[in-house]
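Asks: Going left to right, the sequence shown walks through residues -27 to -1, 1 to 129 as mature numbering (1 follows the signal peptide of the UniProt record, and there is no 0) numbers them.
The C-beta atom is built at its ideal place from N, Cα and C for all residues, glycine as well.
These numbers come from a predicted model, not from an experiment.
Shown below is the structure under consideration.
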Amino acid sequence: MNMLKKALLGAFMMGGLLSAGCSLINAAIPPSTDITFYAAGDVNPDLSGRPSPVVVKVFELSSRTIFDTQDFFTLYESPEHVLGPDLLKKDELELQPDGSLEYKMKLDKTARYVGVVVAYRDIDSARWRAVVEVKPTEYGDVVMNIEKLAVYASKK
């Protein structure tokens, strides 16, 4: 019986050390999300059909509700005003046709989503918005595929 108590005590102590270890790692290296952007070779065609660079705005969000309901120009031109406290961070990137970019986000503890808005020339025909759920206590990888006239988000 004494042996069983020692084994159980050891198991509880090991569990406590393991959970404390994860907290220590998160304190030393803040959780982040790595986003890989891939732009297709035929992305954002101009009037002659030639591919063109795209501007991508990246948003760290605590909620996606307002982000999902706004039009392109509102999100592109005045995200702070319309998103208010849901907007935790934002950044702007440019991708060339057939290009790629690695982007690391150190997540705010209240972050729940990463959203992107892609500035296509033919915005009315484009699927210009994508959102992916993130966890601020974990390390994750996201892929953003920027196609001819559409952007798609997925987790690796």
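1) Whole angstroms is fine: what's the gap from S36's alpha carbon to D19's?
2) Let me confirm a value: R23 is counted as buried when at least 16 other C-beta atoms fall within 10 Å, else exposed. Which label applies?
3) Can you tell me where the alpha helix (DSSP H) with Y49 in it begins and where it stops?
4) For N118, which residues does DSSP report across the bridge?
5) At which residues does the beta strand (DSSP E) containing D64 begin and terminate?
6) When you compare only the Cα positions, how much space is there between K62 and E53?
7) With distances taken Cα to Cα, identify the nearest neighbour of L77 among V115, L34, A12.
Replies: So, to answer that:
1) 34 angstroms
2) exposed
3) Segment 45 to 50, the alpha helix (DSSP H) holding Y49.
4) Y11, Y125
5) D64 -> beta strand (DSSP E) spans 60 to 68.
6) 9 angstroms
7) The sequence as given places Lys at residue 77; Leu does not occur at that position. Comparing Cα positions, the closest option is V115.
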